[in-house]
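Asks: Questions regarding the structure given below will be posed in turn.
Residue numbers (our numbering): 62 to 620.
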């Protein structure tokens with residue numbers, strides 16, 4: 062009897078593991094608890110599950126010290142809890158990307174039926190991991206990543222803890238379900254060592270405090286196929302101290318991966334059309350909440366459940382696949398190594414601090430030209446300036462960039478438009494945009510700091526008051542005496558929440574399931590770059606200018 066129950070328990074997990082048998086599990090049926098000493102995971106299935114880019118290959122993944130608890134009578138309300146002591150992973154960077162297949166149904170799913178209880182149990186599981194060790198191998202360097210105390214839990218749409226039934230939104234009329242998961246950790250340590258002789262084994266180290274990744278998955282109820290996803294990475298504090306040789310090594314490491322990443326990006330664009338069509342056809346099945354329905358609710362004094370469900374689903378819907386990075390506070394120190402063979406010895410042990418306040422990066426890889434940007438984060442002022450600039454361009458070079466975007470950011474609370482099947486048929490199905498938006502709320506660059514020199518703040522040319530007359534202030538606005546570059550928000554009466562710098566890079570491309578048709582090779586599509594910079598001030602300091610010039614010049618010559 063126990064052996065039969067074990068076989069049924071491990072059946073859904075056989076696709077994810079190697080050589081897993083019922084005899085390896087110590088099971089307590091009454092308590093709903095089980096233990097497993099070690100487990101080797103199936104690399105191919107795990108890469109598909111995690112959605113690893115094709116330029117990465119998973120060599121090995123092994124778990125040790127596994128235990129899990131299942132509440133048999135409360136599967137609908139209480140998640141399955143899995144505790145893992147250690148996970149060891151080996152990754153490698155490929156020169157030629159792996160083959161990519163755009164399959165609707167994941168290969169690890171048993172059958173292709175509807176979204177069932179078993180799927181809800183797996184999607185709602187809680188996973189606690191004590192430590193993760195990742196070894197990464199590339200042509201130019203090797204890296205080790207140590208992450209401590211990971212937890213993967215289900216959250217409500219507002220990213221708060223809650224009952225399991227509130228951690229997903231089902232809307233049968235749209236044939237879709239939204240799943241909300243959060244992965245968090247206490248600390249992470251990354252060390253990369255160069256393998257090339259010219260790097261002299263220079264290590265690059267990065268240590269971060271707690272962080273979290275919020276993932277929203279949109280699946281189809283009819284067959285559990287993944288329609289779209291949104292991934293948001295948040296890091297609270299990041300301190301990075303870099304010497305000149307470490308900056309050189311980091312650039313060399315990035316360059317060594319550039320070719321593989323480019324080939325993988327070109328490969329994924331072949332499936333952009335099918336992925337975007339699935340996303341927008343799914344959105345078109347959700348009826349738009351109307352003002353008359355809302356008015357009818359108030360007059361009748363009772364809820365219209367259908368309209369309420371549609372409005373709630375719209376609020377948290379994942380219209381298109383996107384990736385987001387938010388660094389709340391980032392501080393980078395660029396230091397002088399004071400070697401005998403460098404020109405920086407004129408200012409021994411000098412360093413410059415660069416401080417970023419709320420650095421954000423958004424990437425939309427499969428954005429359709431005719432899709433509005435209502436759900437995109439960003440200020441209305443930037444979008445209006447961008448659209449005005451686009452309208453001023455020669456229409457031949459804009460390839461009919463939709464003017465619907467100019468009205469798509471009128472209100473953060475407006476209901477987003479979606480493409481109908483008619484829009485998808487009449488719009489060019491092969492033209493897409495890969496949009497990257499970069500934002501910095503505030504930026505400070507310090508003057509050159511010399512630890513061996515005592516600077517008198519009360520006098521000297523390293524400090525002062527920037528006297529500027531403004532028709533709103535009519536007074537002196539003091540500038541920070543320790544800054545080389547700083548934002549001027551106070552002088553111009555700008556809110557602290559206004560972004561100091563916003564940059565948008567829009568790469569337009571065609572998507573074909575195979576090689577381009579004859580005659581398309583000469584079709585060159587443009588790449589747009591638009592930036593908006595708020596006022597800032599620069600304090601001239603001879604030592605800082607000389608040190609920066611020598612630092613950048615030495616870096617350029619060495620590379």
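The beta carbon of each residue, even a glycine, is placed where N, CA and C say it ideally should be.
Quantities reported herein were computed from a predicted structural model and do not represent experimental measurements.
Tell whether a beta-carbon distance below 8 Å holds between residue 291 and residue 245.
Replies: No; because the gap between Cβ atoms is not below 8 Å, this pair is not in contact.
Asks: I'd like the span of the beta strand (DSSP E) that includes residue 413, first residue to last.
Replies: Its beta strand (DSSP E) spans residues 412-429.
Asks: What do you reckon, are the CB atoms on residue 227 and residue 238 nearer than 8 Å?
Replies: Contact flag unset, no.
Asks: Taking its Cβ as the centre, do 16 or more other Cβ atoms sit within 10 Å of residue 312, making it buried, or is it exposed?
Replies: Burial call: exposed.
Asks: Which residues in the same chain have their Cβ closer than 7 Å to the Cβ of residue 140, if we skip the five residues on either side of it in sequence?
Replies: Excluding residues within five positions, the ones whose Cβ falls inside 7 Å are 185, 186, 187, 215, 225.
Asks: So, at 6 Å on beta carbons, what are the nonlocal neighbours of residue 447 in its own chain, with the 5 sequence-adjacent residues on each side left out?
Replies: For residue 447, where only same-chain residues beyond five positions count, the Cβ hits under 6 Å are 591.
Asks: Let me make sure I understand the geometry here. Which of 70, 176, 331 has the alpha-carbon closest to that of residue 283?
Replies: It is 176 whose Cα lies nearest to the Cα of residue 283.
Asks: DSSP three-state call for residue 141: helix, strand or coil?
Replies: Residue 141: coil per DSSP, three-state reduction.
Asks: In or out: residue 396 buried (at least 16 other Cβ within 10 Å) or exposed?
Replies: Flag for residue 396 reads buried.
Asks: Count the other C-beta atoms from every protein chain shown that fall within 10 angstroms of the C-beta of residue 158, then say buried if there are 16 or more, exposed otherwise.
Replies: Buried.
Asks: Determine the direct distance from the alpha carbon of residue 609 to that of residue 509, and round the result to whole angstroms.
Replies: Each residue's Cα considered, the two are about 9 Å apart.
Asks: Could I get the ranges of all uninterrupted beta strand (DSSP E) runs contained in the stretch 279-326, with 3 residues as the minimum, in chain order?
Replies: With a minimum length of 3 residues, the continuous beta strand (DSSP E) runs that stay inside the stretch 279-326 are 287-304.
Asks: Looking at C-alpha atoms only, which residue of 588, 601, 99 is the closest neighbour of residue 451?
Replies: Minimum Cα distance to residue 451 is reached at 588.
Asks: Using the three-state DSSP reduction, which class does residue 273 fall into: helix, strand or coil?
Replies: Residue 273: strand per DSSP, three-state reduction.
Asks: With a threshold of 16 other CB atoms inside 10 Å of the CB of residue 428, please say whether the residue is buried or exposed.
Replies: Buried is the call here.
Asks: Tell me the DSSP secondary structure of residue 590 in three-state form.
Replies: Strand.
Asks: Suppose the cutoff is 6 Å on Cβ atoms and the five residues either side in sequence are ignored; what does the same chain contact list for residue 594 look like?
Replies: Around residue 594: 562.
Asks: Hey, how far is the Cα of residue 380 from the Cα of residue 338?
Replies: Their backbone Cα atoms lie some 11 Å apart in a straight line.
Asks: Could you give the DSSP three-state label for residue 176: helix, strand or coil?
Replies: Three-state result, residue 176: coil.
Asks: If the criterion is Cβ atoms closer than 8 Å, does the pair residue 129 and residue 95 meet it?
Replies: Yes. Within cutoff.
Asks: Within a Cβ cutoff of 6 Å, which residues of the same chain sit near residue 424, ignoring the five residues on either side of it in sequence?
Replies: Once the five neighbours on either side are set aside, the close Cβ partners of residue 424 are 384, 497.
Asks: Counting C-beta neighbours from all protein chains within 10 Å, is the total for residue 545 16 or more, i.e. buried, or is it exposed?
Replies: Buried, because 16 or more other Cβ atoms sit within 10 Å of the Cβ of residue 545.
Asks: What is the DSSP secondary structure of residue 496, reduced to helix, strand or coil?
Replies: DSSP places residue 496 in strand when its eight states are reduced to three.
Asks: Looking at residue 270: is its Cβ nearer than 8 Å to the Cβ of residue 236?
Replies: No; because the gap between Cβ atoms is not below 8 Å, this pair is not in contact.
Asks: Classify residue 98: buried if its beta carbon has 16 or more other beta carbons within 10 angstroms, exposed otherwise.
Replies: Burial call: exposed.
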